[in-house]
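*Asks:* In the numbering used here, the protein residues as written are 1 to 267.
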Ligand SMILES: [Zn+2]
């Protein structure tokens, strides 16, 4: 499932390719996603208007046409775009095809159909994102206060921190030296401070790696969100811990998700 840095990478790629282009024809192919895709009439306010910018908010991509309405895309688990020079024959799992004024075609595909495409306005209020200046120890301290749920479940709660998923939550807890199954309310102020800094460092490094993987005119396809990131604990079950080289990485299940950690480095 694409996490914040992956969604951000796609937003930047779309921005580089689509700036000043416009949607000349909205062709709904297979409307059933998590929410029904709007038809051409419902999407009239975002067609034939120049694309001003593409932004990411949490794990959503917003295509901004400078008007009241934006196109909001959520990739769900398996959503992706394909940008092609001409209108393609047919893509497997294609749900929406947008013919652009430049003659190119932008197709949205989603095999598992957990994604969504909506015509909407920008959210007035948004959840704190894991970036410097937004996620602060004071904020995280309040969020953790008295909570019995595990710290990993808490930092992955999209209403607490927007965009932190399984991979980056595991890496952040490893960097901060905190066990993922600790009750959130048991964290001491020093640990909260370390965790905050770790979340920000991990996400900012991944966001940078994603952007660095793109060229000036990036290809947009199912591989755009796939870039190399170094993971130290995520998916490293039974491997030797890269930090202490004493313990093997353990795995527990937290909220139904596999969670790897080093029992020696993380307390
Ligand atoms: Zn270790």
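Glycine included, every Cβ here is placed at the ideal spot set by N, Cα and C.
#1: Kindly indicate the opening and closing residues of the alpha helix (DSSP H) around residue 172.
#2: Roughly how many whole angstroms lie between the Cα atoms of residue 48 and residue 217?
#3: Give the DSSP-derived three-state secondary structure of residue 234 in the structure shown.
#4: As an exercise, report each continuous beta strand (DSSP E) stretch of at least 3 residues that is fully enclosed by the region 45-96, in chain order.
#5: Whose CA, out of 137, 112, 150, lies closest to the CA of residue 34?
#6: May I ask which residues mark the beginning and end of the alpha helix (DSSP H) holding residue 18?
#7: So is residue 154 buried or exposed if we call it buried at 16+ other beta carbons inside 10 Å?
#8: Tell me the DSSP secondary structure of residue 129 in three-state form.
#9: Just the residues with CB closer than 7 angstroms to a heavy atom of ligand 1, in chain order, which are they?
#10: Alpha carbon to alpha carbon, how far is residue 242 from residue 232?
#11: Among residues of its own chain, excluding the 5 on either side of residue 135, which ones have a beta-carbon nearer than 8 angstroms to its beta-carbon?
#12: In or out: residue 191 buried (at least 16 other Cβ within 10 Å) or exposed?
#13: Checking 7 angstroms against the spacing of the C-beta atoms, do residue 83 and residue 211 come in under that value?
#14: Do the CB positions of residue 3 and residue 168 come within less than 7 angstroms of each other?
#15: Straight-line CA distance for residue 39 to residue 26?
*Replies:* So, from the data block:
#1: Where residue 172 is concerned, the enclosing alpha helix (DSSP H) stretches over 166-176.
#2: Computed Cα separation, rounded: 23 angstroms.
#3: In this structure, residue 234 counts as coil in the three-state DSSP scheme.
#4: If we require 3 residues or more, the beta strand (DSSP E) runs fully inside the region 45-96 come out as 53-57, 60-64, 70-74, 80-84.
#5: Of the listed residues, the one whose Cα sits closest to residue 34 is 112.
#6: It spans 4-18 - the alpha helix (DSSP H) in which residue 18 sits, taken as one unbroken run.
#7: Looking at its Cβ environment, which holds 16 or more other Cβ atoms inside 10 Å, residue 154 is buried.
#8: The DSSP-derived three-state label of residue 129 is coil.
#9: The filter returns 241, 243, 244, 246, 247, 262, 264, 265, in chain order.
#10: Cα-Cα distance, rounded: 7 angstroms.
#11: Taking residue 135 as the centre and dropping the five residues before and after it, the same chain places the C-beta of 128, 129, 161, 196, 199, 200 closer than 8 angstroms to its C-beta, in chain order.
#12: With 16 or more other CB atoms across the displayed protein chains lying within 10 angstroms of its CB, residue 191 is buried.
#13: Cβ atoms of residue 83 and residue 211: not closer than 7 angstroms.
#14: A Cβ-Cβ contact shorter than 7 angstroms links residue 3 with residue 168.
#15: Roughly 8 angstroms separates the two Cα atoms.
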